[in-house]
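S.K.: Quick note, the sequences are listed as chains A and B, same order. Throughout the first sequence, residue numbering follows the working numbering, covering 353 to 742 in sequence. Throughout the second sequence, residue numbering follows the working numbering, covering 353 to 742 in sequence.
Protein chains: 2
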Amino acid sequence: MDNTQSIVARIVAGTREIMDAPTGNVPLHIPVFGENAAGYVNECITTGWVSSVGKFVDRFEADLAKFTGAKRAVAMVNGTAALHIALKLCGVEPGDEVLLPSLTFVATANAVSYCHATPHFVEVESRTLGIDAKAIRDYLGEIAEVKNGSCTNRKTGNTIRCLIGMHAFGHPFELESVLELCEDFGLNLVEDAAESIGSYYKQQHTGLFGRVGTLSFNGNKTITTGGGGAIITNDDSLADLAKHLTTTGKKPHPYRYFHDMVAHNYRMPNLNAALGCSQLEDLPAILESKRKIAAGYISTFADNSDFEILAEPENCQSNYWLNALVLSDLNAKHHDAVIQQLNQAGIIVRPIWEPLHTLPMYCDAPKMELGVTMNLANRIINLPSTPRIL
Amino acid sequence: MDNTQSIVARIVAGTREIMDAPTGNVPLHIPVFGENAAGYVNECITTGWVSSVGKFVDRFEADLAKFTGAKRAVAMVNGTAALHIALKLCGVEPGDEVLLPSLTFVATANAVSYCHATPHFVEVESRTLGIDAKAIRDYLGEIAEVKNGSCTNRKTGNTIRCLIGMHAFGHPFELESVLELCEDFGLNLVEDAAESIGSYYKQQHTGLFGRVGTLSFNGNKTITTGGGGAIITNDDSLADLAKHLTTTGKKPHPYRYFHDMVAHNYRMPNLNAALGCSQLEDLPAILESKRKIAAGYISTFADNSDFEILAEPENCQSNYWLNALVLSDLNAKHHDAVIQQLNQAGIIVRPIWEPLHTLPMYCDAPKMELGVTMNLANRIINLPSTPRIL
């Protein structure tokens, strides 16, 4: 038995036991709905309140703010829209540059493109899979200068307006050093918390450390609204502007259609928010189940030199959205084969994203040395992580 | 009794009779759901298929294509997203100009702005409330030149890439003369059919005459998916590109995340499509009811010199999404007062949109003479038009 087969055999056996699935396909991550999901959604249909106004939208925002500890939450059609709005809230303008990891879902970079700004890719660290403040500091020291609190790329002359950090698979990135970096270089921090609802850094919910945080409720996420997203913030004026920007910039009036800025149709419909309200009720049980699954993977695969299971960083609590297996450097060459054979065996797994700086539309974008990113991209496999609540 | 009171009294009495609502508030337009709405939506929850993949999305697209007679329909999160994608399909690039009516919902112009192109406002005709091909032809004769099949604004030097026409309140604009205009000036025609599902020009469904048509399923529309929209087209390659552009540009692969262009997260979730499938089943009954309501308004207010009810243009069949009352020129000064008093009397009405060239973000945009637009904006009132199917 070669090492690929040995690794696959161990993962299949371990996963089937942890996920309590002795036979059949074990999905990567599917939605689970509690007892109120159907009732809330049906109420929208019975009352006719299915669209962008309705009690569930307001309640979802209030419940989400309460759960995360944010002063405000603003619900949107999806996490991509939330990122787009977050960048607008930070004043990103055409021609600006925005720093972001290459190791993230493509939406993070696309949101920058929607602003006609330039994605500028930065390095991550292996410990968290999130942005590496020390490496970025060294890089900015070389290429950037700060004047009047604003950061300029000396090579391009463009303003570097923001840094986006992403809490990969629910593991918080190292916020303390990142916040210091942003302070020193005059950068707004946007936290892409699409994957990290229920994840905490030093007891504070992710998404609330930067200027604005963004969440996703896509169908593959910890909780879902079908399609959905939100921004969270402790700044009332930012939240008000976010709501205005997502509701076509219409000024409140009983019947007049007066809009005062170029804005968007990004509001989450009440039908989707109804599902979201039930999902927020389910969230504590979902998180408990997900942490049990993670503990199962970590203990099952503890005595193992071929790969490790990524554990939550120190001082953090992770939602373990998708458990991440990291092959040892020696086994990186088996990455593709392991993924293929696991899927064939009914254990549905996926690699991490193709690093964004390797995609055709972003391969000419500015970037720092991304050796850790490339190394990790060839070693990570996400394991089945669907919670059980019923 | 002054003329405002007389007009209001007649509209209140007529509307209450037509809408069979002797007391209470008569809403402008609220959704009505047939017997399968709750069942289809519940099926999404039971099966877990709530997000951007699922059988209802595919079925909704197939049913929508069948209903309209389009070769293809591609479902999206809303009509604004559909307009944005339609402009991309027509090759609109930053710096281009796009012709569109000033008398439309703000999303039509915002979609142009999302492309970093310039909205260029053109005139409408009173008969249809839609774009006036003759007036636009005269205007383009003055300011534009056509070379190698491409239209250039001689004043700005920019390419005029597209003309967007909008079928206001479901009344088809004069497509034959508009298509000739587009042919002569090398313009792509985009039909904003947000309001005109079930409306036909010479027996062909609106949205299928131009390069691409866009629909909206917002909560206030003839049928709704909570939030939703679609493009319809007879061009397979455009439909394929639309689907790719709305699903993050991801290349099909069982597990790899490879994206080949800057694209969007605009796909309609299955939860919303489920509602849409039931609404398409209800649509024939809804349209029948709406035409009866329109006939009621037209006959009730036939003998009347103070205002008229807009009837479908010749050779057209209108869905009469929102019935439109047009005050006579002499009564234009009563417009605000009539709207206010009707709303106070429980007859929920609205004016037409503020002409877009008067809004702060578009007041400096290029435009032709818009006398008819301004005249109409001060005379139109939309009347309650909710269909009955149960």
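Each residue gets a CB set at the ideal place from its N, CA and C atoms; glycine is no exception.
Of the residues that make up the region 698 to 711 of chain B, which ones have a beta carbon closer than 7 Å to any beta carbon in chain A?
M.R.: Those residues of the region 698 to 711 of chain B that come within reach of chain A (Cβ to Cβ, closer than 7 Å) are Arg702, Pro703, Trp705, Glu706, Leu711.
S.K.: Report the rounded CA-to-CA distance for Tyr666 (chain A) versus Pro374 (chain A), giving the unit in angstroms.
M.R.: Contrary to the premise, residue 666 (chain A) reads as Glu rather than Tyr in this sequence. Using only the alpha carbons, I get a separation of about 34 Å.
S.K.: Whose C-beta lies closer than 7 Å to the C-beta of Val393 (chain B) among residues of the same chain, with five residues either side of it excluded?
M.R.: Within the same chain, Val393 (chain B) has close Cβ partners Leu623, Ala626, Leu627.
S.K.: Please name the residue or residues paired with Asp544 (chain A) in a DSSP beta bridge.
M.R.: A:Met518, A:Thr566.
S.K.: Fully enclosed by the region 414 to 467 of chain A, which alpha helix (DSSP H) runs are 4 residues long or longer?
M.R.: Whole alpha helix (DSSP H) segments, 4+ residues: 431 to 441, 458 to 466.
S.K.: Is any beta-carbon of chain B found at less than 8 Å from that of Asp307 (chain A)?
M.R.: An answer regarding residue 307 (chain A) cannot be provided, because it is not within the stretch 353 to 742 covered by chain A.
S.K.: May I have the straight-line CA-CA distance separating Glu579 (chain A) from Gly431 (chain A), to the nearest angstrom?
M.R.: It is Gly, not Glu, that sits at residue 579 (chain A) in the sequence shown. Rounded to whole angstroms, Gly579 (chain A) to Gly431 (chain A) spans 8 Å at the Cα level.
S.K.: Is it buried or exposed, Leu541 (chain B), if we count other Cβ atoms within 10 angstroms and call 16 or more buried?
M.R.: So Leu541 (chain B) ends up on the buried side.
S.K.: Does DSSP put Cys503 (chain A) in a helix, in a strand, or in coil?
M.R.: Correct three-state label for Cys503 (chain A): strand.
S.K.: Let's see if you can read the secondary structure: which residues bound the alpha helix (DSSP H) around His616 (chain A)?
M.R.: No alpha helix (DSSP H) holds His616 (chain A); DSSP gives it neither H nor E.
S.K.: Of all the residues that make up the region 597 to 612 of chain A, which are near chain B by a beta-carbon distance shorter than 9 Å?
M.R.: Taking 9 Å as the Cβ-Cβ cut-off against chain B, the residues of the region 597 to 612 of chain A that qualify are Thr600, Gly601, Lys602, Pro606, Tyr607, Arg608, Tyr609, Phe610, His611, Asp612.
S.K.: Which residues, in chain order, does the region 626 to 657 of chain A contribute to contact with chain B at a C-beta distance below 8 Å?
M.R.: Against chain B - using a Cβ distance shorter than 8 Å - the residues of the region 626 to 657 of chain A are Leu627.
S.K.: Using a cut-off of 7 Å between C-beta atoms, extract the partners of Leu481 (chain A) located in chain E.
M.R.: Absent from the structure is chain E; the protein chains it does hold are A and B.
S.K.: Could you check which residue in A:Pro379, A:Val474, A:Thr356 has the C-alpha nearest to that of Ile699 (chain A)?
M.R.: For the residues A:Pro379, A:Val474, A:Thr356, the minimum Cα distance to Ile699 (chain A) belongs to A:Pro379.
S.K.: I'd like the list of long-range same chain contacts for Asn730 (chain A), defined as Cβ closer than 6 Å, with 5 residues on each side in sequence excluded.
M.R.: Around Asn730 (chain A): Ala684, His687.
S.K.: Nearest-angstrom Cα distance between Thr710 (chain A) and Val564 (chain A)?
M.R.: If I take the Cα positions, the gap works out to 28 Å.
S.K.: Buried or exposed: which applies to Cys715 (chain B), given that a residue is buried once 16 or more other Cβ atoms fall within 10 Å of its Cβ?
M.R.: By the neighbour-count rule (16 or more Cβ atoms within 10 Å), Cys715 (chain B) is not buried but exposed.
S.K.: How long is the line joining the alpha carbons of Gly734 (chain A) and Tyr552 (chain A), rounded to whole angstroms?
M.R.: The amino acid at residue 734 (chain A) is misidentified as Gly; the sequence shows Asn. Going from the Cα of Asn734 (chain A) to the Cα of Tyr552 (chain A) covers about 21 Å.
S.K.: Using the Cβ count rule (16 or more neighbours within 10 Å means buried), how would you classify Gly517 (chain B)?
M.R.: Counting Cβ neighbours within 10 Å, Gly517 (chain B) comes out buried, since at least 16 surround it.
S.K.: Since His472 (chain B) is in the beta strand (DSSP E), which residue starts that stretch and which ends it?
M.R.: Its beta strand (DSSP E) spans residues 470 to 474.
S.K.: What are the start and end residues of the alpha helix (DSSP H) that includes Asn727 (chain B)?
M.R.: Per DSSP, Asn727 (chain B) belongs to the alpha helix (DSSP H) from 723 to 729.
S.K.: Give the single residue among A:Arg424, A:Asn617, A:Leu481, A:Ile732 whose Cα lies nearest to the Cα of Phe457 (chain B).
M.R.: Closest option to Phe457 (chain B), Cα to Cα, is A:Asn617.
S.K.: Under three-state DSSP, which class holds Leu694 (chain A)?
M.R.: Helix, per DSSP.
S.K.: Where Lys719 (chain A) and Asn462 (chain A) are concerned, what is the direct C-alpha to C-alpha distance, given to the nearest angstrom?
M.R.: Their backbone Cα atoms lie some 16 Å apart in a straight line.
S.K.: Inspect the CB distances between the region 408 to 416 of chain A and the region 532 to 539 of chain A and report whether three or more fall short of 8 Å.
M.R.: These segments do not touch.
S.K.: Among residues of its own chain, excluding the 5 on either side of Ser529 (chain A), which ones have a beta-carbon nearer than 6 Å to its beta-carbon?
M.R.: Counting only Cβ-Cβ distances below 6 Å, and skipping sequence neighbours, we find Ala485.
S.K.: Please identify the residue among A:Ile359, A:Arg740, A:Cys396, A:Val409 whose C-alpha is closest to the C-alpha of Gly634 (chain A).
M.R.: Checking the displayed sequence, the identity of residue 634 (chain A) turns out to be Asp instead of Gly. The residue with the shortest Cα to Cα distance from Asp634 (chain A) is A:Arg740.
S.K.: Run through the region 555 to 609 of chain A for me and flag every whole beta strand (DSSP E) of 3 or more residues, listed as ranges in chain order.
M.R.: 564 to 568, 581 to 585, all fully within the region 555 to 609 of chain A.
S.K.: Kindly give me the distance between the Cβ atoms of Thr738 (chain B) and Ile382 (chain B), rounded to whole angstroms, as I take these residues to be in contact under 8 Å.
M.R.: That pair is a contact at about 5 Å.
S.K.: So which of A:Ala390, A:Leu455, A:His436, A:Ser403 has the shortest CA-CA distance to Leu722 (chain A)?
M.R.: Per the Cα distances, A:Leu455.
S.K.: What are the boundary residues of the beta strand (DSSP E) that Ala676 (chain B) is part of?
M.R.: Unbroken beta strand (DSSP E) run through Ala676 (chain B): 675 to 679.
S.K.: Check whether the region 636 to 646 of chain B touches the region 602 to 618 of chain B, counting contact only when three or more Cβ pairs, one atom from each stretch, lie closer than 8 Å.
M.R.: The region 636 to 646 of chain B vs the region 602 to 618 of chain B: no contact.
S.K.: Under DSSP, the alpha helix (DSSP H) around Glu526 (chain A) begins and ends at which residues?
M.R.: Counting along the chain, Glu526 (chain A) falls outside any alpha helix (DSSP H), and DSSP gives it neither H nor E.
S.K.: So, helix, strand or coil for Asn734 (chain B), using DSSP?
M.R.: Asn734 (chain B) falls in the strand class under three-state DSSP.
S.K.: Which value, in whole angstroms, describes the spacing of the CA atoms of Thr504 (chain A) and Gly493 (chain A)?
M.R.: Approximately 11 Å, taken between the alpha carbons.
S.K.: Using the three-state DSSP reduction, which class does Cys715 (chain A) fall into: helix, strand or coil?
M.R.: Three-state DSSP puts Cys715 (chain A) in coil, outside helix and strand.
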